[in-house]
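For reference, the structure discussed in these notes is given below.
Number of protein chains: 2
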Amino acid sequence: MKDEKIIIVGAGLCGTLLGLRLAQRGYKVDLHERRGDMRLQHVDAGRSINLALSDRGLNALDKVGIKEQILNVCIPMKGRMIHPAEEDSFYSPYSGREKDHINSVSREGLNMALLDTADAFDNVKIFFNSKCESVDIENARATFRNMKTGELYEESGSIVIGTDGAGSAVRQSMMGKTTELLFNYSQNFLRHGYKELTIPPAEGGGWRIEKNALHIWPRGSFMIIALPNLDGSFTVTMFHPFKGPNGFDNLDSKEKVKAFFEKEFPTLIPYMPNYLEEYFENPVGTLGTIKCYPWQAYGKTLIMGDASHAIVPFYGQGMNASFEDVAVFDDVLEKHEGDWGKVFSVFQDMRAENTNAIADLAIDNFYEMRDKVDDPDFIRKRKLEMQLEQNYQNYYSKYSLVTFRPDFPYAKAMKIGRKQDELLLDLCTDHEPEDLNQDEVMEKILDLRNTFNYG
Amino acid sequence: MKDEKIIIVGAGLCGTLLGLRLAQRGYKVDLHERRGDMRLQHVDAGRSINLALSDRGLNALDKVGIKEQILNVCIPMKGRMIHPAEEDSFYSPYSGREKDHINSVSREGLNMALLDTADAFDNVKIFFNSKCESVDIENARATFRNMKTGELYEESGSIVIGTDGAGSAVRQSMMGKTTELLFNYSQNFLRHGYKELTIPPAEGGGWRIEKNALHIWPRGSFMIIALPNLDGSFTVTMFHPFKGPNGFDNLDSKEKVKAFFEKEFPTLIPYMPNYLEEYFENPVGTLGTIKCYPWQAYGKTLIMGDASHAIVPFYGQGMNASFEDVAVFDDVLEKHEGDWGKVFSVFQDMRAENTNAIADLAIDNFYEMRDKVDDPDFIRKRKLEMQLEQNYQNYYSKYSLVTFRPDFPYAKAMKIGRKQDELLLDLCTDHEPEDLNQDEVMEKILDLRNTFNYG
């Protein structure tokens with residue numbers, strides 16, 4: 199057991215995984231969470247119900263030894279099931295490789311499993327209803343408020359790590375030292391918001407639509423998606439403009455919502471018996487991107503996960519990027535243990551470039567999902583990519599590089615992936631994939647990669 | 199006299215000009231300024247001592263009728279006097295047209311002239327030592343603190359306009375409604391800071407170096423500039439990295455500073471008898487860019503000037519952009535008077551694109567000034583541009599479009615200017631300007647402009 203105490207602010211997915219890993223390393227870990235214990239009571243996190251867990255996240259779970267346990271409660275999604283407005287639904291695999299898939303997982307289930315695993319360590323203490331008010335970032339001293347009694351108290355540690363999400367109080371304390379830290383910061387919101395609805399399980403159990411897929415109903419300027427849950431239900435998410443003739447602001451009566459769904463999503467209505475009630479019960483969430491730099495101050499305070507890089511959900515990488523933070527942090531710690539200043543600055547400089555990249559890729563995917571997945575050129579390109587992935591061991595699409603190749607940092611995956619996309623879209627604009635000589639295409643891809651030190 | 203009262207937060211350059219213009223339009227104007235009255239006492243604004251006033255700013259001053267009065271206390275600067283490390287100084291005009299120049303003006307002098315002019319209106323009230331704490335942005339109600347008594351008080355108006363600078367309290371209140379407003383925001387700091395020094399007047403009066411120029415001592419990763427003052431002095435500004443072997447952090451003793459200046463700026467030392475004392479007396483300032491959107495909320499609250507778009511000083515356009523805000527706002531108000539919601543939203547949508555452009559151009563110019571002004575290719579390009587400007591009435595360099603053509607919005611000036619720069623640099627990389635056929639060059643320029651609807 200080490201003597202140093204680490205204060206982690208936020209026991210969500212990232213913070214709990216981090217605490218668990220640091221406990222395994224022998225540190226004393228104090229985890230502070232502003233909400234109550236979700237294992238004892240329903241806690242409204244105001245966040246999406248299920249999430250896509252993929253290789254980067256799984257790598258980090260493997261590091262703490264709970265990968266298999268978590269996979270047991272996941273539903274594999276092997277591709278997108280696309281439901282266009284005017285045509286039949288069709289299936290588009292995520293990869294040409296049989297083994298590649300992403301996993302639908304319950305946010306709450308995963309968080310509870312992490313809490314249980316961390317809780318089992320003697321050197322971990324978890325404080326619920328303990329809300330961080332501010333951090334003395336220079337001295338690793340945090341002020342918390344007990345949300346039940348209102349009482350304020352201070353805790354000091356060797357270091358403070360903020361994993362307290364997009365609205366991070368730790369980051370806020372760093373912003374208070376804007377001039378000293380030359381703190382760069384940006385928050386950018388899409389003009390679209392989201393609202394969750396439900397497809398309940400089939401009568402008698404089971405899933406009403408294809409279980410092993412991520413469903414998309416693309417409609418140009420808006421869309422709906424659905425991810426499967428273990429109980430047979432699907433969590434359905436509308437991504438929709440806040441304002442405008444069809445905006446959330448105008449869909450303000452049951453008549454209007456009904457007319458809208460009947461016009462735009464007629465085939466979805468039969469699966470959602472309660473959508474009108476849910477529409478008016480459930481809130482509209484915002485979709486924001488947060489970037490900042492530095493992530494650390496004085497070798498005493500660090501932020502990671504959504505606190506330093508909140509992204510939009512369209513690449514299914516938000517949680518995966520945060521889990522990868524923990525894995526990378528652990529690697530850096532392994533190398534520089536004993537010098538927090540070094541650990542923090544090496545970590546932020548390795549990581550910020552990559553989380554900036556996934557932030558941008560996630561925005562790109564928003565437009566792809568709502569607007570392009572049913573476009574003929576795009577469909578031809580995906581078809582060609584699947585064939586390349588089947589026929590060439592070393593072909594990886596942008597999606598595959600990001601999702602199934604954790605050995606490629608996000609920034610590199612973005613750079614190569616975007617170039618490949620340009621090349622393939624160009625080829626597919628005039629030709630059916632069948633008419634192309636795949637060996638020649640692959641040669642062009644390899645040429646392109648050489649310029650990027652593909653590895 | 200109109201019945202509507204407008205609350206303006208911040209009586210700096212932008213706020214005072216705005217108040218004056220709105221008073222001329224017959225509105226009741228309450229100007230609140232957190233500092234004391236600079237006409238009665240020295241007020242440390244913590245800002246640069248002199249500024250470059252050019253055509254966009256002059257246009258706005260013309261609108262309120264004080265352009266000539268202000269020009270009388272300006273010093274024209276017709277070009278850059280460049281002082282390389284190893285070679286003789288040389289002069290580079292800002293334009294090939296005789297009449298084009300920028301003007302060195304005292305920030306304090308200009309602000310006092312604006313305050314005097316505004317104060318003369320019965321419908322203007324100016325409250326000094328009145329610091330805005332927060333704004334109820336939905337109801338145009340602002341809370342102020344009297345900085346002398348500590349007393350808090352509220353003021354309501356038809357609208358509140360925040361011209362309270364880069365650290366705007368009004369903007370802060372809008373950020374408090376991030377989700378409702380989908381408030382996008384970014385702050386980005388250069389890793390360079392600045393420190394002001396002085397070249398005093400010559401003994402017996404007059405200027406020790408060329409009066410009618412902006413002086414630059416470019417040194418690659420850092421630089422010094424100097425602007426003339428009416429009293430014969432120059433305000434000298436070091437732009438310098440915060441950290442590093444030669445960073446401000448390491449120049450921490452008189453010995454080190456002296457050695458540094460003797461090595462890097464030996465020809466400047468004789469003009470600055472007190473530079474060592476000043477170096478240790480004067481603070482290091484940060485250089486930040488702030489962008490945000492929206493600028494307005496509920497048709498009740500608006501921000502403009504540095505509050506909505508703080509930029510780095512390297513294009514000499516910070517004040518000019520803020521003054522242009524006032525002129526554009528006045529034009530929009532003329533059209534839509536009576537509907538603040540419309541005025542605000544038309545204004546922000548006309549303006550934000552252009553202030554984003556000048557923000558980016560100002561960053562570009564940082565690299566140009568410290569790094570390129572003494573580069574042979576760059577010098578050849580400027581020479582060619584001067585010849586084109588002399589020989590062709592309709593040639594305007596990027597610098598001229600930004601500085602001397604207020605009829606070109608910043609965004610358009612940037613777009614065309616950057617393309618022209620690419621073209622000319624390309625031509626000058628292999629050739630002396632004398633070897634080029636100018637008619638052919640001009641034809642290429644015109645071709646390029648046609649693609650941009652040059653106007």
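Protein sequences appear in the order of chains A and B. The opening residue of the first sequence carries number 199 in my numbering; numbering runs sequentially from there. The opening residue of the second sequence carries number 199 in my numbering; numbering runs sequentially from there. Glycine included, C-beta positions come from ideal geometry on N, C-alpha and C. None of these values were measured; they are calculated from a predicted model.
- Is there at least one non-hydrogen atom of the ligand FAD closer than 8 Å to the beta-carbon of A/Thr-499? In terms of ligand content, the structure shown is empty, and the ligand FAD therefore cannot be addressed.
- Message: On the CB-based measure, 16 or more other CB atoms within 10 Å of its CB, does A/Gln-267 come out buried or exposed?
- Response: Stepping through the first sequence from its first residue, residue 267 of chain A is reached at position 69. Burial call: exposed.
- Query: Are the stretch 482 to 500 of chain A and the stretch 331 to 340 of chain A in contact at 8 Å, needing three or more beta carbon pairs?
  - Reply: yes
- Whose CA, out of B/Ala-411, B/Leu-380, B/Gly-402, lies closest to the CA of A/Pro-439? Counting from one through the first sequence, the residue named residue 439 of chain A turns up at place 241. Closest option to A/Pro-439, Cα to Cα, is B/Leu-380.
- Can you tell me which of the three DSSP states A/Thr-484 falls into? Indexing the first sequence from 1 puts residue 484 of chain A at position 286. Reduced to three states, the DSSP call for A/Thr-484 is strand.
- Message: In the DSSP output, what is B/Ile-300 paired with across the bridge?
- Response: Here the question's residue 300 of chain B lines up with position 102 in the second sequence. Paired residues: B/Met-275.
- Give the range of the beta strand (DSSP E) segment to which B/Ala-340 is assigned. As a first step, residue 340 of chain B is located in the second sequence; it is residue number 142 there, counting from the start. B/Ala-340 -> beta strand (DSSP E) spans 339 to 344.
- Task: Answer yes or no: do B/Val-227 and B/Gly-217 have a C-beta to C-beta separation smaller than 9 Å?
- Result: One-based indexing of the second sequence puts residue 227 of chain B at position 29. One-based indexing of the second sequence puts residue 217 of chain B at position 19. Yes, they are a contact pair.
- Query: If you draw a straight line from the C-alpha of A/Thr-361 to the C-alpha of A/Leu-211, how long is it?
  - Reply: Here residue 361 of chain A refers to the residue found at position 163 when the first sequence is read from its first residue. Here residue 211 of chain A refers to the residue found at position 13 when the first sequence is read from its first residue. Going by the C-alpha atoms only, they are around 9 Å apart.
- Let me know the secondary structure DSSP gives A/Asp-619 once reduced to three states. Your numbering for residue 619 of chain A matches position 421 in the first sequence. Correct three-state label for A/Asp-619: helix.
- Item | Selection from A/Met-640, A/Ile-561, A/Glu-408, A/Ser-287 that minimises the alpha carbon distance to A/Leu-582 | Your numbering for residue 582 of chain A matches position 384 in the first sequence. For A/Leu-582, the nearest C-alpha among the options comes from A/Met-640.
- Query: Thinking C-alpha only, which one of B/Asn-301, B/Pro-471, B/Val-541 is nearest B/Glu-401?
  - Reply: Numbered from its first residue, the second sequence carries residue 401 of chain B at position 203. Comparing C-alpha distances from B/Glu-401 to each of B/Asn-301, B/Pro-471, B/Val-541 shows the shortest one belongs to B/Pro-471.
- Query: Hey, is B/Gln-588's beta-carbon within less than 9 Å of any beta-carbon in chain A?
  - Reply: Along the second sequence, read from residue 1 onward, the residue named residue 588 of chain B stands at position 390. Judged by the 9 Å Cβ criterion, B/Gln-588 is not in contact with chain A.
- Query: For A/Ser-246, which residues in chain B fall below 8 Å Cβ to Cβ?
  - Reply: For the purposes of this step, residue 246 of chain A is taken as the residue at position 48 of the first sequence. Those within 8 Å of A/Ser-246 in chain B number zero; the least Cβ separation is about 16 Å.
- Query: If we count Cβ pairs, one from each stretch, closer than 8 Å, do we get three or more for the stretch 335 to 349 of chain A versus the stretch 236 to 255 of chain A?
  - Reply: no
- Query: With respect to the beta strand (DSSP E) encompassing A/Met-199, which residues constitute its N-terminal and C-terminal limits?
  - Reply: Along the first sequence, read from residue 1 onward, the residue named residue 199 of chain A stands at position 1. Careful: A/Met-199 lies outside any beta strand (DSSP E) and carries neither H nor E.
- Task: Could you confirm whether any beta carbon from chain A is found closer than 9 Å to the beta carbon of B/Phe-521?
- Result: Along the second sequence, read from residue 1 onward, the residue named residue 521 of chain B stands at position 323. No - not a single Cβ of chain A is within 9 Å of the one on B/Phe-521.
- Query: Listing by chain order, which chain B residues have their CB less than 7 Å from the CB of A/Leu-216?
  - Reply: Residue mapping note: residue 216 of chain A aligns to position 18 of the first sequence, counting from 1. Under the 7 Å cutoff, chain B gives no residues; its nearest Cβ is about 26 Å from A/Leu-216.
- For B/Phe-182, which residues in chain A fall below 8 Å Cβ to Cβ? Chain B is shown only over 199 to 653; residue 182 of chain B falls outside these bounds and no answer can be derived.
- Could you pull the start and end residues of the beta strand (DSSP E) that A/Pro-291 belongs to? For the purposes of this step, residue 291 of chain A is taken as residue 93 along the first sequence, with counting starting at 1. Run containing A/Pro-291: 288 to 291, per the beta strand (DSSP E) assignment.
- Task: Assuming B/Pro-399 and B/Ser-302 form a contact by the criterion Cβ under 8 Å, report the distance between their Cβ atoms to the nearest whole angstrom.
- Result: Along the second sequence, read from residue 1 onward, the residue named residue 399 of chain B stands at position 201. Along the second sequence, read from residue 1 onward, the residue named residue 302 of chain B stands at position 104. That pair is no contact at about 14 Å.
- From the DSSP output, read off the bridge partner residues of B/Phe-432. As a position in the second sequence, residue 432 of chain B is number 234, starting the count at 1. For B/Phe-432, which the question treats as bridged, DSSP gives the partners B/Ile-397, B/Pro-426.
- Query: Roughly how many angstroms separate the alpha carbons of B/Phe-602 and B/His-299, rounded to a whole number?
  - Reply: Residue mapping note: residue 602 of chain B aligns to position 404 of the second sequence, counting from 1. Residue mapping note: residue 299 of chain B aligns to position 101 of the second sequence, counting from 1. Rounded to the nearest whole angstrom, the C-alpha separation of B/Phe-602 and B/His-299 is 8 Å.
- Would you grab the beta carbon distance between B/Phe-459 and B/His-390 for me? Rounded to a whole angstrom, and I think it's under 8 Å. Position 261 of the second sequence, counted from the start, is the residue given in the question as residue 459 of chain B. Position 192 of the second sequence, counted from the start, is the residue given in the question as residue 390 of chain B. Actually they do not touch by this definition, with Cβ atoms about 17 Å apart.
- Option in B/Glu-551, B/Asp-572, B/Ile-206, B/Leu-474 with minimal Cα separation from B/His-507: As a first step, residue 507 of chain B must be located in the second sequence, where it is residue number 309. For B/His-507, the nearest C-alpha among the options comes from B/Glu-551.
- Message: Within 8 Å, do at least three Cβ pairs link the stretch 516 to 531 of chain B to the stretch 254 to 262 of chain B?
- Response: yes
- Task: Give the straight-line distance between the Cα atoms of A/Ile-397 and B/Asp-537, rounded to the nearest whole angstrom.
- Result: The residue labelled residue 397 of chain A in the question sits at position 199 within the first sequence. The residue labelled residue 537 of chain B in the question sits at position 339 within the second sequence. Approximately 46 Å between the Cα atoms of the pair.
- Message: Please report the distance separating the alpha-carbon of B/Asn-589 from that of B/Ser-595.
- Response: Against the second sequence, residue 589 of chain B aligns to sequence position 391. Against the second sequence, residue 595 of chain B aligns to sequence position 397. Each residue's Cα considered, the two are about 13 Å apart.
- What in chain B is Cβ-close to A/Gln-385, meaning under 8 Å? Mapped onto the first sequence, residue 385 of chain A falls at position 187. Here the neighbours are Thr-376, Phe-381, Asn-382, Tyr-383, Ser-384.
- Using the Cα positions of A/Tyr-469 and A/Met-502, report the straight-line distance between them to the nearest angstrom. Numbered from its first residue, the first sequence carries residue 469 of chain A at position 271. Numbered from its first residue, the first sequence carries residue 502 of chain A at position 304. Roughly 39 Å separates the two Cα atoms.
- Task: Measure from the alpha carbon of B/Ile-206 to the alpha carbon of each residue in B/Phe-325, B/Glu-394, B/Asn-270, then state which is nearest.
- Result: As a working note, residue 206 of chain B is residue 8 in the second sequence. Nearest C-alpha to B/Ile-206: B/Phe-325.
- Is it true that the CB of A/Met-567 sits closer than 9 Å to the CB of A/Pro-291? Start at 1 with the first residue of the first sequence, and residue 291 of chain A comes out as number 93. Start at 1 with the first residue of the first sequence, and residue 567 of chain A comes out as number 369. No, these two residues do not count as a Cβ contact at 9 Å.
- If you run the structure through DSSP and keep just helix, strand and coil, what is A/Val-227? As a working mapping, residue 227 of chain A is identified with position 29 in the first sequence. Correct three-state label for A/Val-227: strand.
- Item | Inter-stretch contact at 8 Å, needing at least 3 Cβ pairs: the stretch 369 to 387 of chain B / the stretch 404 to 422 of chain B | no
- Message: Would you say A/Phe-674 lies against chain B (beta-carbon separation less than 9 Å)?
- Response: There is no way to answer for residue 674 of chain A, as the model of chain A reaches only from 199 to 653.
- Task: Could you tell me which of A/Glu-408, A/Tyr-289, A/Pro-464 sits nearest to A/Arg-580, measuring between CA atoms?
- Result: Taking the first residue of the first sequence as position 1, residue 580 of chain A is located at position 382. When only C-alpha atoms are compared, the closest one is A/Tyr-289.
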